[in-house]
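Chains as they are written, first to last, in this note's numbering: chain A, 1 to 220; chain B, 221 to 557; chain C, 558 to 1102.
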Amino acid sequence: MLTLDNVSVKLGDLRFSYTLKTDATRISAILGKSGSGKSTLLNVIAGFLPATGGELEWQGKSLLGLPANKRPVTTLFQQHNLFSHLNVGQNIGLGVKPNLKLSAQEWQSVERVLEEVDLQGFIKKSAANLSGGEQQRVALARCLLRKQPILLLDEPFSALDESTRYDMIELTRKVVELHELCVILVTHNADDAKLMNAKQYQLQDGTLKPQTTEHRQQTL
Amino acid sequence: MITGIRRALSIGLTAVLLTFAQSSHGAQTLTVYTYESFTSEWGPGPIIKTAFEKQCDCTLDFVAIDSSAGILNRVQLEGKSTKADVVLGLDYNLMALAEDTGLLSESGADLSAVKLPIDWDSNIFVPYDYGHFAFVYDTKLLPEPPKSLDELVNAPDDLKIIIQDPRTSTPGLGLMLWMKSVYGDDAADAWKKLKPKILTVTSGWSEAYFSLFLNGEAPMVLSYDTSPGYHMAIDKTEQYQAAAFDEGHYLQIEVAALLKSSKNQELGKSFLQFLISNEAQSALPLTNVMYPSIDIGDALPAEFSKLIKPTQSLLLDTELVRDQRKAWVDEWLESAN
Amino acid sequence: MSGLKAQINSALNHWWLPGLLALVVLALITGLPLTALILTTSEINLSGVFQNTYFNRVIFFSFYQALLSAVLSVGLAIPLAQALSREQVFPGRKWLIYLFSLSLVIPTIVAIFGIVAVYGRTGWLNNFTAWFGIDPFSIYGLSGILLAHVFFNMPLATRVLLQSLDNIPDTQWRLSTQLRLNGFSQFRFIEWPAMRTQLVGVFMLIFTLCFTSFTIVLTLGGGPRATTIEVAIYQALRFDFDLSSAVSLALVQMAFCTLLLLLSAFFKHNAPLGFSITPAATVFRPVNKKRWVSFSIIILAALFVVLPFMGLLISAVNPSTVAVLIHTNTIQATINTFIIAVVTACISVAMGIALLISSRHIRIRLAYHKLGQWIQHAGNIILVMPPVVLGTGLFLLLRDFADVFSIALLLAILINSLMALPFVLRILDGPIIQATEHHDKLIQSLGISGWSRWRLLDWPLIRQPIGYAMGLSAALAAGDLSAIALFGSERALTLPLLLFQRIGSYRLHEAATTAGVLLMACLVLFVLMRAIAGGQLLRPIHADS
């Protein structure tokens, strides 16, 4: 269970206060206009931004005291998920060991997770030569391999073209269900949320409101 | 080719070793700070070194400082940690200034043989040679040189001269004092008149004399009344002569002194005494091209009798120079530049 | 992990530690000498500086020659940049612009030698004009100083202005053709507005450079006739042992430099640091109706810049070459020069990286952009405390403890490191920021930090600029005279010092060969450092930020 109890953040003059309860294996989608504080929510869960109040708990334990890299969280960003001067294997390996000194077994697991995202044989490819969709799949593979129970998806599909986007959403939904992850998806596109089978929340005026009825198309 | 490379390599290696092991003490080493022309291969340095080392069982190490007056600045800058044992090449004018630094110790030398145009009463400084400042001219470029300082000052501006900087060079300082002795409070005005004739001001005597004057850059250079002696005796030419000036010529007495901080006090003293020995003094007229400070009899080259005889030796009190030098240098900077 | 590596690792894990260390080192190297300077002033009468007519003239001359140099450099750069911009394609254009960028790494003293060889009393120009009975032009004094300053700064100004001209959108040129603007109207409505934005900035830059100019004024100043504050400090110390004059002038100089720095902070410029060559663009340019004018300007400028180099190269080989090459002084000086250059490059680049790593953390992760920039600006301290001023302070600080002449190399390394630091910071700032800019959160969430971050994410991306920074700072240090002039002696010779002495004593044959050796040394150091640190040999790089 991931619990946000009045987790508050101050960004300049803006104040946000988030309250959210979600099951350990539930996909939640946060919808809202740009500037409504969606990314801020992810930043505070991931530990990139300090909370000024409230409580953030995972399975009953507080996360607020932990630095970003100690939280049971991994993030898939909209872009810049990969270091373009490293190859695919190295980019994924960094998620296993930050010093990239992986054992033979760990390298095997890198290859396995690449198969899972349909990129078998890509391990030696330079990240700079991948298409946008391939880059996101490599990044997703790394998220999976990190085996963190909470996956934060920060508009991960928005930079992709239509057909790639559907494939990526499909793949993502499949693997997170398989790995039983707790997913928070931030998007401005209600379609993404629908395709991901997510429980939807609307972020407005700094607070989260569950959206129980029909999915409504958001306008930007 | 191969030997050339090998030689370069061995020199290079030596240089590397010297960088890291600069203080390789064998026998005692006496370090003498002096000016460049003293140490050059045609100067007195090599002769004095050989002769002194023969009798002292030590190494005599001449270090050439940028210029003569620079020697004093240098030991002041280095202070108590200076490597110098002896300074050689200051002159009478700088004596009081040098004494005031408190860096020098008594020479303990027996000066009874010393014979100078003035009486010697310093027990710190050992006078090793003397001469008078004079403008040396190239007879081919300038058949009719000025006959007095005043004539030079008032000469047409196309007469070019090369002088030295009084802050770095003892001849430069000498000219400044010469002007002061002749013109007194009007020296600044005289400098202003001289200014257009000054082709350039060098920091040391060597540059002015060797590099510029002898290469024909100017027909006249500030040097010594003794300079033509060298050309007559060695080069066998009378092309270069000193212009005798009616007002008289300013006297230069070159001196050496021992530093208090020296760890080789005894050796230093014996070197100072050696400087006024017959052996050393006989070498000076044709190497340092100055009059010896003792009577060396026939050892004085015959050509020296053909030199100009200044009508009067001008000399200002060394204490006065010490007190006024800065003000006069400022005045010179202001009016001559 | 070895012990040292573990230590570096733990040091890098604390983002503030490298920057703090660098700041402490900077504070010590500059703060202690400054304290020594200020403590000494208690014994002297500072107001005396402004009553002394000689000092007044020195101060006036410093401004006067800087003003003239800047006016001439920028004034000549305007038509030249215009000509180069209108003539985008001609053989040798690339090389000419490349040559213009060399003024950054050519040791001042070497270029001065080249200038003397061409424009000096017995140089080519005077030999040539003597045929026509024209009186020889004297290179010593104001004219020589201006000549050398223009030689160095006109190319700099030209490159800045040319960059602005090349940035003019094509559409403006097409429009001007359709409107049938004539040459002057093109200048007035298109070229001038583009250049004007850079003019004040580049003028201020050149003014500041010339104001603190040392080597040129020392060598060509022709005695005390033409002396700047920077040189007057040197002379007060080395000629007169006049501490009170040296100290008061040093403080006056610091005040002026601070003022100039504040002033130029208002006017930004885009003076390039690298060797990027504006490509012979396929851009559209209107037909140049006065090509002969453009080409005359370009040929004159090319001659002006190329001749001294040719003078140097031709005279470097002469009857005394071998004797000079195997002279112990030359060899000793070459070794010392290499030591100074390599150590300086390591120190300045290490300090630069340390400052930038901490400043990056502050700017990007903590989002205090201004604060981070200020920490970085600390590396520009030498602009406020020029080399001779810093050297004077170091001398006052150390003279009771050590003979400064015997630690001359060390002092030269310290001063040169600070002199190279602003360049290092400008070269590395962009790349170090770019290495992180978009990935900071990812790096944070993956927990990549310390040594791993440096090894995996920073080094591969900034290695090339680091090589460039090492090469440039090594070349700068190898060619610098201002630091070694104060403390150098026969015991601590460097090639620039040796060259200075040989020019000073008018031994032009020996000077020519020494200049050749120094130029080679700079080139070798530049290429070698880039090869070793940057992992590349002769690939052209574009380090412009």
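From the three backbone atoms N, C-alpha and C, an ideal C-beta is built for every residue, glycine too.
- Per DSSP, the continuous beta strand (DSSP E) segment holding L280(B) begins and ends at T279 to I285.
- With a contact defined as Cβ atoms closer than 8 Å, P67(A) and I1005(C) miss out at about 13 Å.
- Cβ-Cβ separation between I790(C) and T949(C): approximately 6 Å, consistent with a contact (criterion under 8 Å).
- For P98(A), at least one C-beta of chain C is nearer than 8 Å to its own C-beta.
- A Cβ-Cβ separation of about 5 Å places I184(A) in contact with S28(A) under the 8 Å criterion.
- Every unbroken stretch of the beta strand (DSSP E) spanning 3 or more residues and falling wholly within the region 288 to 321 of chain B is given here in chain order: 306 to 311.
- For a Cβ distance threshold of 8 Å, nothing in chain C lies close to L41(A): the least Cβ distance comes to about 14 Å.
- Taken through DSSP and simplified to helix, strand or coil, Q248(B) comes out as coil.
- In terms of Cβ geometry, N893(C) and T1070(C) do not form a close pair [threshold 8 Å].
- The bridge partners DSSP lists for T3(A) are K21(A) and E57(A).
- By the criterion of at least three beta-carbon pairs nearer than 8 Å, the region 693 to 713 of chain C is not in contact with the region 730 to 742 of chain C.
- Bounds of the alpha helix (DSSP H) holding A271(B) are G265 to C276.
- Distance from the CA of V961(C) to the CA of K300(B), rounded to the nearest whole angstrom, comes to 11 Å.
- The Cβ atoms of L171(A) and A141(A) lie no closer than 8 Å to each other.
- Of all residues in the region 1046 to 1074 of chain C, the ones placed with a Cβ closer than 8 Å to any Cβ belonging to chain B are S1046, E1047, R1048, Q1058, G1061, S1062, Y1063 and R1064, in chain order.
- Following the DSSP letters along the chain, one finds T507(B) in no beta strand (DSSP E) but inside the alpha helix (DSSP H) bounded by residues N498 to T507.
- Taking 8 Å as the cut-off, the beta carbon of N845(C) is found no closer than this to the beta carbon of S853(C).
- By the neighbour-count criterion, in which a residue is buried when 16 or more other Cβ atoms sit within 10 angstroms of its Cβ, K483(B) is exposed.
- Under DSSP, the beta-bridge partners assigned to N87(A) are S126(A).
- Taking C-beta atoms as the reference points, F764(C) and L624(C) count as a pair closer than 8 Å.
- Of I267(B), L379(B), P376(B) and A522(B), the smallest CA-CA separation from T446(B) is found for A522(B).
- For H451(B), same chain residues with a beta-carbon under 8 Å away, outside a window of 5 residues either side, are T457, E458, Q459 and Y460 in chain order.
- Measuring C-alpha to C-alpha distances from V981(C) to each of P1022(C), F708(C), E994(C) and T715(C) identifies P1022(C) as the nearest.
- Under the Cβ criterion of 8 Å, P988(C) is not counted among the residues facing chain A.
- A Cβ-Cβ contact shorter than 8 Å links S642(C) with L719(C).
- Only S431, L432, N435 and E437 from the region 431 to 442 of chain B bring a Cβ to less than 8 Å from some Cβ of chain C.
- Going by C-alpha positions, V117(A) is about 13 Å away from S109(A).
- Residues of the region 786 to 804 of chain C with a Cβ closer than 8 Å to any Cβ of chain B, in chain order: Q792, L794, R795, F796, D797, F798 and D799.
- Around A959(C), the beta-carbon contacts reaching into chain B at under 7 Å are S301.
- DSSP, reduced to helix, strand and coil, places L185(A) within a strand of the structure shown.
- In the same chain as L954(C), and ignoring 5 residues on each side of it, the C-beta atoms closer than 7 Å to its own belong to L589, P590 and A593, in chain order.
- At a cut-off of 8 Å between beta-carbon atoms, H80(A) makes contact with chain C.
- Relative to I654(C), the option among H706(C), L682(C) and A714(C) whose CA is nearest is A714(C).
- Between K489(B) and the set L331(B), L317(B) and L310(B), the nearest pair of CA atoms involves L331(B).
- Note that the C-beta distance between N710(C) and S658(C) is not below 8 Å.
- For L76(A), the beta-bridge partners assigned by DSSP are L153(A).
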